[in-house]
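J.: One structure, as structure tokens, below. Some questions next.
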Amino acid sequence: MKHKQKRILIVGGVAGGASCAARLRRLCEQCEIVLFDKGPHVSFANCGLPYFVGNVITDEAKLIVATPELFNQRFNIDVHVEHEVIQINREAKSILVKKLQDGSIRIEQYDALVLSTGSKAIRPPLPGIDLPGIFVLRNIPDSHKLRNAALNAKRAVIIGGGFIGLEMAENLVKLGITTTIIEMTHQVMPPLDAEMAVFAERHLRENGVKLILGKAVESFSRQQDGLYVHYSDGGTLQTDLVLLAIGVQPESSLAKEAGLQLGSRGGIQVNATLQTSDPFIWAVGDVIEVTDSVTQQALSVPLAGPANRQGRIAAGAIAESLGDCKKSHLKFRGVQGTAVCQIFNLTIALTGASEKALQRANITDYQTIFLERSLLFANGKEMTELDLELPAETKSVEQWKDIKEQAITRVEQAFLETALKQHQGDIKKVAENMGITTRAVYNKLKKYEINLADYRGVN
Ligand SMILES: Cc1cc2nc3c(=O)[nH]c(=O)nc-3n(C[C@H](O)[C@H](O)[C@H](O)COP(=O)(O)OP(=O)(O)OC[C@H]3O[C@@H](n4cnc5c(N)ncnc54)[C@H](O)[C@@H]3O)c2cc1C
505 MKHKQKRILI
515 VGGVAGGASC
525 AARLRRLCEQ
535 CEIVLFDKGP
545 HVSFANCGLP
555 YFVGNVITDE
565 AKLIVATPEL
575 FNQRFNIDVH
585 VEHEVIQINR
595 EAKSILVKKL
605 QDGSIRIEQY
615 DALVLSTGSK
625 AIRPPLPGID
635 LPGIFVLRNI
645 PDSHKLRNAA
655 LNAKRAVIIG
665 GGFIGLEMAE
675 NLVKLGITTT
685 IIEMTHQVMP
695 PLDAEMAVFA
705 ERHLRENGVK
715 LILGKAVESF
725 SRQQDGLYVH
735 YSDGGTLQTD
745 LVLLAIGVQP
755 ESSLAKEAGL
765 QLGSRGGIQV
775 NATLQTSDPF
785 IWAVGDVIEV
795 TDSVTQQALS
805 VPLAGPANRQ
815 GRIAAGAIAE
825 SLGDCKKSHL
835 KFRGVQGTAV
845 CQIFNLTIAL
855 TGASEKALQR
865 ANITDYQTIF
875 LERSLLFANG
885 KEMTELDLEL
895 PAETKSVEQW
905 KDIKEQAITR
915 VEQAFLETAL
925 KQHQGDIKKV
935 AENMGITTRA
945 VYNKLKKYEI
955 NLADYRGVN
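The sequence shown maps to residues 505 to 963 in my numbering.
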């Protein structure tokens, strides 16, 4: 059946798919936009799931950003939840959709197709991995299962010390559950450089999280008295629940079966307007491979920010390709991998390439500088001396002094400018509310009292 209106079908209705749909409607008033998701919800806040499990977010409705009804009323977008797209027929420009409630299958045709099928949790084929009591956390139904299991649990083991593992550790500890993280690498948050991860590890331990680093889980078993996790070197832990948080992989099976080009990591290859190797199909979000804007290497970045941005850019490119819509010339220029994570009272943030990412990319032309403000108050008193170690890669003391002075000036100025803006230029208020830096400025001290330390030897 041919449609007069241009018809855009979107597969997957969370971060990338939902933002693409909403943007498309703004650019193309006449198009027919239809969105399918195999899950029971669209447009929900995955990032809130750990806090829903931890009962910090008590009301499930707070996780839902937009419902199918809202999409329909506000944007005239047709949303079908619990509808799985099972095949793409590129020649006929159609997809096969299975209605999960009754198993019926129908054909839907498109002028443009968007794939935002996300990623799936990695489940290594370890003995016992399918035992009851072992969970993943990807969506709202998963969070209910985990929440129910947590109600009766005294001990939990989280496998994987990435963002989700750490956020879940905080939430489980706050529920009174003895929580252990087992992480295969020698640090938590593998994207961070080891020197930074040390802060997170210390803070986790101080807050009661047990860490087993550098050990790989090998199997699970259920014995009469409960569930056991077996890890390398003969280690065993008894637990009431296990959360698998060892990462995700692109959910690209539909694209693969349709013969779209995939990258070496299994994500769909796209160009700067998120178009795949088929000119009528676009792909956004966790399912694609992106370029690291620093190293220029291909990678997967499963984060909501890039998915939303890519959804909007793809919408612009589709509108342009359909001819009679508003034009948009946005291009996707790669990712910096900016991420922020709070664990208890510590906020950890990263952006750009870490030292280890640079090394992986064989980039050697860089310097590392470690700034540690809390040392200002070491031993309960303010420190006025610069406490420095010469990093191995720095060629001379003079060069290091230069780097240090520049860094101090930049950091101090940034702090001061922000504080001045916040206090409408009132330097006295700034001095009262900020630490030693502005006090130094307020008192017209000549020398900034800041400590710049090489933190390499800390752990
Ligand atoms: C617990 C958790 C916490 C997170 N916290 C953060 C955070 O704090 N900050 C951050 O930036 N990112 C966070 N993320 C990651 C972020 O949620 C994802 O990067 C983002 O949602 C990716 O968007 P997407 O549209 O690519 O895929 P998703 O949001 O995963 O959506 C994909 C959708 O496609 C549907 N689908 C898949 N295949 C089909 C099919 N064949 N037919 C129909 N539907 C299909 C799925 O049901 C799913 O609803 C978190 C993720 C999780 C799981």
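The beta carbon of each residue, even a glycine, is placed where N, CA and C say it ideally should be.
1. Give me the Cα-Cα distance between lysine 714 and asparagine 849, rounded to the nearest whole angstrom.
2. With C-beta atoms as the reference, is leucine 717 less than 8 Å away from glutamate 687?
3. Since I believe glycine 622 is in contact with aspartate 790 (beta carbons under 8 Å), could you give me their beta-carbon distance rounded to a whole number of angstroms?
4. Just to confirm my understanding: we take threonine 645, look at its own chain, exclude 5 residues before and 5 after, and list those with CB closer than 8 Å. What are they?
5. Along the chain, where does the beta strand (DSSP E) that runs through glycine 520 open and close?
6. What's the call for valine 844, buried or exposed, on a 16-neighbour Cβ count within 10 Å?
7. Run through the stretch 663-694 for me and flag every whole beta strand (DSSP E) of 3 or more residues, listed as ranges in chain order.
8. Using a Cβ-Cβ cut-off of 6 Å (strictly less than) and excluding sequence neighbours within five positions of proline 554, which residues of its own chain qualify?
9. Can you give the Cα-Cα distance for leucine 892 and isoleucine 750, rounded to whole angstroms?
10. Alanine 762 and arginine 594: beta carbons closer than 8 Å?
11. Assign leucine 650 to buried or exposed, taking buried as 16 or more other Cβ atoms, counted over all protein chains shown, within 10 Å of its Cβ.
12. Could you give the distance in angstroms between the alpha-carbon of glutamate 588 and the alpha-carbon of lysine 624?
13. Could you tell me if the beta carbon of valine 515 falls within a distance shorter than 7 Å of some heavy atom in ligand 1?
14. So, is isoleucine 847 buried or exposed, given that buried needs 16 or more other C-beta atoms within 10 angstroms?
15. At the level of alpha carbons, what is the spacing between leucine 758 and aspartate 796?
16. Following the continuous alpha helix (DSSP H) through aspartate 606, name the residue where it begins and the one where it ends.
17. Short of 6 Å in beta carbon distance, which residues of its chain neighbour glutamine 591, apart from the five on each side in sequence? Order them along the chain.
18. Can you determine whether any heavy atom of ligand 1 sits closer than 7 Å to the C-beta of serine 550, and answer yes or no?
19. Would the beta-carbon of threonine 683 fall within 8 Å of that of alanine 704?
20. For the candidate residues Asp744, Arg837, Gln871, Pro806, whose alpha-carbon lies nearest to that of glutamine 728?
21. Taking the runs of the beta strand (DSSP E) that are 3 residues or longer, which of them lie wholly in the stretch 800-854?
22. Could you give the first and the last residue of the continuous alpha helix (DSSP H) run that contains serine 757?
23. Over what stretch of residues does the alpha helix (DSSP H) that includes glutamate 705 continue unbroken?
24. Specify the secondary structure class of valine 515 as computed by DSSP and reduced to three states.
25. Residues in the same chain with beta-carbon distance under 7 Å from alanine 526, minus the five sequence neighbours each way, listed in chain order, please.
26. Would you call glutamine 691 buried or exposed, if buried means 16 or more other Cβ atoms sit within 10 Å of its Cβ?
27. Near aspartate 615, which residues of its chain fall below 6 Å by C-beta distance, leaving aside the five closest residues on each side in sequence?
28. Based on the DSSP output, what are the partners of glycine 730 in its beta bridges?
29. Taking 7 Å as the cut-off, is the beta-carbon of aspartate 582 closer than that to any non-hydrogen atom of ligand 1?
30. Identify, in the order they occur along the chain, each residue of the same chain with its Cβ nearer than 7 Å to the Cβ of leucine 807, setting aside the five sequence neighbours on each side.
31. So what does arginine 659 bridge to, in DSSP terms?
32. What residue range is occupied by the uninterrupted beta strand (DSSP E) comprising valine 585?
33. Quick one: what's got a C-beta closer than 8 Å to valine 640's C-beta in the same chain, skipping five residues either side?
34. Please list, in chain order, all residues of the same chain as glycine 815 whose beta carbon is under 6 Å from its beta carbon, the five residues on each side excluded.
35. Which residues mark the beginning and the end of the alpha helix (DSSP H) in which lysine 719 is found?
36. So the candidates are Gly637, Leu766, Ala818, Ser725; which of them puts its Cα closest to the Cα of cysteine 532?
T.: Looking at the coordinates:
1. Asparagine 849 has its alpha-carbon roughly 17 Å from the corresponding atom of lysine 714.
2. Remark: C-beta atoms of leucine 717 and glutamate 687 approach each other more closely than 8 Å.
3. At roughly 5 Å, the Cβ-Cβ gap stays under 8 Å, so aspartate 790 and glycine 622 are in contact.
4. Note that residue 645 corresponds to proline in the displayed sequence, not to threonine. The beta carbon of proline 645 is closer than 8 Å to those of Gly543, Pro544 in its chain, skipping five residues each way along the sequence.
5. Counting along the chain, glycine 520 falls outside any beta strand (DSSP E), though it belongs to the alpha helix (DSSP H) covering 519-531.
6. Counting Cβ neighbours within 10 Å, valine 844 comes out exposed, since fewer than 16 surround it.
7. Segments of the beta strand (DSSP E) lying fully in the stretch 663-694: 682-687.
8. Cβ neighbours of proline 554 beyond the five flanking positions: Glu671, Met672, Asn675.
9. Low confidence applies here, because leucine 892 scores a pLDDT of 37, under 50, leaving its location unreliable and the question unanswered by this model.
10. In contact: alanine 762 and arginine 594 (Cβ atoms closer than 8 Å).
11. Taking all protein chains in view, the Cβ of leucine 650 is crowded by 16 or more other Cβ atoms within 10 Å, so the residue is classified as buried.
12. A direct Cα-to-Cα measurement between glutamate 588 and lysine 624 gives close to 15 Å.
13. Because some heavy atom of ligand 1 lies under 7 Å away, the Cβ of valine 515 counts as near it: yes.
14. Buried, since its Cβ has 16 or more Cβ neighbours within 10 Å.
15. Roughly 25 Å separates the two Cα atoms.
16. Secondary structure note for aspartate 606: it is in no alpha helix (DSSP H), with a DSSP letter that is neither H nor E.
17. Answer for glutamine 591: Leu600, listed in chain order.
18. According to the sequence shown, residue 550 is asparagine rather than serine. Yes, Cβ of asparagine 550 sits closer than 7 Å to a heavy atom of ligand 1.
19. With respect to the 8 Å criterion, threonine 683 and alanine 704 are not classified as neighbours on the basis of their beta carbons.
20. For the residues Asp744, Arg837, Gln871, Pro806, the minimum Cα distance to glutamine 728 belongs to Asp744.
21. Fully enclosed beta strand (DSSP E) runs of 3 or longer: 843-847, 850-854.
22. 757-761 is the extent of the alpha helix (DSSP H) around serine 757.
23. Run containing glutamate 705: 698-710, per the alpha helix (DSSP H) assignment.
24. Strand.
25. Cβ within range, chain order: Phe579.
26. It is buried - the Cβ of glutamine 691 has at least 16 other Cβ atoms within 10 Å.
27. The answer, listed in chain order, is Lys510, Arg511.
28. Looking at the DSSP output, glycine 730 sits in a beta bridge with Gln727.
29. Checking every heavy atom of ligand 1 against the Cβ of aspartate 582, none is found closer than 7 Å.
30. Excluding sequence neighbours, leucine 807 sits near Ala843.
31. In the DSSP output, where bridge partners are listed per residue, arginine 659 has Thr682.
32. Start and end: 582-585.
33. Correct list, in chain order: Ala625, Arg627, Asp646, Leu747, Leu748, Ala749.
34. Gly520, Ser523, Cys524, Val788.
35. No residue range can be given for lysine 719, since it is assigned to no alpha helix (DSSP H) and is classified by DSSP as neither H nor E.
36. Nearest of Gly637, Leu766, Ala818, Ser725 to cysteine 532, Cα basis: Ala818.
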